[in-house]
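**Student:**
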Amino acid sequence: MAWYKSNKPPLVLALVVAFIVLFSFYYPGTVADTAYTTVVDWITIMATIMVWVGLINVVRHWSRESIRKTPGRWYISIFGLFLLAIALISGFGEGSRSTAMGPQMTVIKWLYNNYYFWGEMGLASLSGVWTATALYRAFRVKSLAALVFLIGGIFVMMQNVPIGGVIWSGFPIIGDWIMSVPFAAIMRAFTISLAIGVLAYTVRFYTGKEKGAMGV
Amino acid sequence: MTSESWYEKVGRIPRKGILVVTLIIMIIPLFFSLNLPIAITEPTRIVFEDLASLEGTGSEVLLISRTFSPHWGEFQHIYWAIIQHIFKMEDVKLIVCYLSPDSPALLGRIFSAISNPLNKQYGVDYVNMPFLPQASAAFASMADDFRGTYQTDQLGTPIDELPVWDGVNTLDDFEIIITADVTGGARLVSTIWYPRFPELTYYGLVLSGAFMGFAPYLGTVFKSGLWGARHGAEYQILMEGPSSGVGVQMDVLSVVTIFCVVCIILGNIPIIAKKFGGK
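The listed protein sequences correspond, in order, to chains P and F. Heads up, the first sequence is in the working numbering, so the first residue is 1 and it goes up one at a time. Heads up, the second sequence is in the working numbering, so the first residue is 217 and it goes up one at a time.
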């Protein structure tokens with residue numbers, strides 16, 4: 001296999017970028033800093049390119065489903081393509097005539113406020129409606145640990161709503177204490193152990209032993 | 217065939233029944249307000265008092281918004297409270313940066329509703345910057361050269377022509393920095409900004425359900441923060457001007473939470489009854 005087709009080039013490239021970031025952190029104001037700024041600029045550029053890759057993939061996927069008349073999906077794909085076309089046409093059209101960008105554009109703003117926003121909100125709200133039935137089915141106390149978990153959960157739930165303080169003034173106080181003392185302490189321990197794990201991963205990456213991120 | 221005991225029946229309430237009751241109790245507060253008192257908690261008081269101390273100082277406040285529409289139900293009250301408070305004060309300027317594509321439209325609702333009544337002038341008292349993709353890259357760029365990160369505002373006006381940008385060059389030029397994110401931007405602030413600007417005052421606006429991501433940094437990197445709709449409601453009470461909807465939302469949250477606790481108890485009755493030999 002030719003060297004450029006092997007896993008070496010992406011690994012070397014990733015290592016170079018990783019060392020640039022590392023050096024810029026420990027040696028600010030040097031050439032590593034300039035290189036780091038260039039890398040950050042390129043991340044933004046690549047994110048913009050990825051938007052186009054995403055657009056092409058979405059158009060391909062929806063077009064394929066529409067043409068093949070995939071059962072239960074083809075009409076949604078056509079509707080998706082229709083909305084996409086409106087957004088693109090209005091975006092490019094208005095963008096060429098005014099200085100307004102993105103959400104400031106008339107049609108985009110209307111679509112966002114009247115279609116996308118409420119759809120997203122509705123979808124998110126569904127999880128709230130299902131919470132009660134999920135709690136009824138899943139929150140069963142079958143061990144001492146589950147009981148402690150349940151009591152802590154109820155205190156935090158009651159702390160988050162005004163009625164908690166009305167029922168018993170201790171709910172907000174104990175709930176707040178659970179959140180800011182034991183919970184924060186446990187999360188700090190968790191974060192520190194996570195950081196140590198990341199450190200171990202980074203050492204493996206810098207020594208060329210970790211190739212998973214490269215997909216090799 | 218043995219008949220089903222009462223506690224076994226309690227343990228088998230159909231899902232549809234629970235969903236219908238949830239729906240009904242969510243609707244009731246829309247018609248009958250409970251007007252429950254809301255106690256002010258310490259985190260809210262800290263943010264409020266620190267922001268209030270800026271009045272008349274000519275200080276600049278930086279608000280970084282990385283909010284998405286599904287989170288708006290919780291975030292809207294916090295944003296309303298914070299922005300309204302800043303706008304009610306004399307000589308406090310606000311620069312708003314957007315790191316999610318949804319944020320400009322979401323916050324645009326608040327600005328269009330309150331900037332005129334509170335007599336705040338765009339470009340002089342506040343400014344909306346354009347959306348920047350890749351939050352981590354944007355944070356890094358802002359830390360390196362805040363002014364250089366932007367050329368124009370959201371409307372395409374060069375920042376040199378905007379009085380609100382006068383004297384703003386680096387993050388050091390902000391008296392208070394507020395980051396609004398699912399976890400309050402905790403990871404980005406703690407890894408990118410805090411090591412370089414540890415003396416600055418950071419506050420986080422957080423989803424109550426995602427507090428776990430913010431908790432390790434509370435009291436260390438972040439001086440305080442507001443998490444969940446409740447803190448937004450508390451803040452609005454401190455300002456003596458709750459926006460419409462806060463009372464209703466708090467009422468709905470209250471009754472649904474009580475119902476959730478009832479569901480937990482009902483779900484556990486069969487287990488407790490069996491344990492104590494109930495028939």
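Beta carbons are placed, not taken as given, at the ideal position from N, Cα and C, and that holds for glycine.
DSSP three-state call for F:G233: helix, strand or coil?
**Tutor:** Residue state, collapsed to three classes: helix.
**Student:** Bridge partners of P:S143, per DSSP?
**Tutor:** According to DSSP, P:S143 bridges with nothing at all.
**Student:** For a cutoff of 7 Å on Cβ pairs, would you count P:F19 as touching chain F?
**Tutor:** no
**Student:** In three-state terms, what does DSSP make of F:G441?
**Tutor:** strand
**Student:** Which residues in the same chain have their Cβ closer than 8 Å to the Cβ of F:L252, if we skip the five residues on either side of it in sequence?
**Tutor:** By the criterion of a C-beta distance shorter than 8 Å, F:L252 is surrounded in its chain by M466, D467, S470, once the five residues flanking it on both sides are discounted.
**Student:** Taking the alpha-carbon positions, what's the F:A351 to F:L315 distance?
**Tutor:** 6 Å
**Student:** Listing by chain order, which chain B residues have their CB less than 9 Å from the CB of F:T473?
**Tutor:** Among the chains of the structure shown, chain B does not appear; the protein chains present are P and F.
**Student:** Based on the DSSP output, what are the partners of F:T368 in its beta bridges?
**Tutor:** F:P374
**Student:** Answer yes or no: does any C-beta atom of chain P fall closer than 7 Å to that of F:R228?
**Tutor:** Chain P contact via Cβ: absent.
**Student:** How about F:I326: is its C-beta nearer than 7 Å to some C-beta of chain P?
**Tutor:** No, its Cβ sits nowhere closer than 7 Å to a Cβ of chain P.
**Student:** Say whether the region 285-292 of chain F touches the region 115-129 of chain P, bearing in mind that this needs 3 or more beta-carbon pairs closer than 8 Å, one atom from each stretch.
**Tutor:** yes
**Student:** Closer than 8 Å is the cut-off here; do at least three beta carbon pairs connect the region 246-264 of chain F with the region 398-409 of chain F?
**Tutor:** no
**Student:** I need the DSSP call for F:S281, collapsed to helix, strand or coil.
**Tutor:** strand
**Student:** Looking at chain F, which residues of the region 115-137 of chain P have a Cβ within less than 8 Å of any of its Cβ atoms?
**Tutor:** Of all residues in the region 115-137 of chain P, Y116, F117, E120, M121, L123, A124, S125, G128, V129, W130, T131, A132, T133, L135, Y136, R137 have a Cβ within less than 8 Å of some Cβ in chain F.
**Student:** Do the CB positions of F:I392 and F:T365 come within less than 7 Å of each other?
**Tutor:** no
**Student:** Indicate the three-state DSSP secondary structure (helix, strand or coil) for F:I298 in the structure shown.
**Tutor:** Residue state, collapsed to three classes: helix.
**Student:** Does F:Q452 pass the burial test, meaning 16 or more other C-beta atoms within 10 Å, or should it be called exposed?
**Tutor:** buried
**Student:** With DSSP as the reference, identify every bridge partner of F:K309, one or two as the case may be.
**Tutor:** Answer is F:E276.
**Student:** Can you tell me which residues form a DSSP beta bridge with F:G425?
**Tutor:** Note: F:G425 sits in no beta bridge, so no partner.
**Student:** Please list, in chain order, the residues of the region 337-361 of chain F that have any C-beta partner in chain P closer than 7 Å.
**Tutor:** P346, F347, P349, Q350, A353, A356, S357, D360
**Student:** For F:F390, which of helix, strand or coil comes out of DSSP?
**Tutor:** coil
**Student:** Quick one: what's P:L111 bridged to in DSSP?
**Tutor:** Answer is none; P:L111 lacks a bridge partner.
**Student:** Closer than 7 Å, CB to CB, is F:V477 near chain P or not?
**Tutor:** yes
**Student:** By the DSSP assignment, the alpha helix (DSSP H) with F:Y342 in it spans what residues?
**Tutor:** Segment 342-347 is the beta strand (DSSP E) holding F:Y342; no alpha helix (DSSP H) there.
**Student:** Determine, for F:I262, whether the minimum Cβ-Cβ distance to residues of chain P falls below 7 Å.
**Tutor:** no
**Student:** Take F:F430 and list the residues in its own chain whose beta-carbon comes closer than 6 Å to its own, dropping the five residues that flank it on each side.
**Tutor:** T399, G400, A402, G420, V422
**Student:** Tell me, please, which residues DSSP counts as bridged to P:Y4.
**Tutor:** Paired residue(s): none; P:Y4 is not in a bridge.
**Student:** Flag P:Y112 as yes when its Cβ comes closer than 6 Å to any non-hydrogen atom of the ligand MN, and as no otherwise.
**Tutor:** Ligands are entirely absent from the displayed structure, and the ligand MN is therefore not among its contents.
**Student:** Just reading off the alpha helix (DSSP H) that F:L252 is part of, what are its end residues?
**Tutor:** Element bounds for F:L252: n/a, residue is neither H nor E.
**Student:** Are the C-beta atoms of P:A184 and some chain F residue less than 7 Å apart?
**Tutor:** yes
**Student:** From the DSSP output, in three-state form, read off F:C314 for me.
**Tutor:** According to the sequence displayed, residue 314 of chain F carries Tyr and not Cys. The answer is strand: DSSP assigns F:Y314 an E or B state.
**Student:** Return the residue from the list P:A200, P:A146, P:F82, P:W177 that minimises the CA-CA distance to P:V58.
**Tutor:** Minimum Cα distance to P:V58 is reached at P:F82.
**Student:** With distances taken between CB atoms, is the gap from P:A35 to P:I20 smaller than 7 Å?
**Tutor:** Yes. Within cutoff.
**Student:** On the three-state DSSP scale, how would you describe F:T395?
**Tutor:** strand
**Student:** Start and end of the alpha helix (DSSP H) containing F:A329?
**Tutor:** Looking at the DSSP string, the run of the alpha helix (DSSP H) that includes F:A329 is 319-330.
**Student:** Using a Cβ-Cβ distance cut-off of 7 Å, determine whether F:S470 contacts chain P.
**Tutor:** yes
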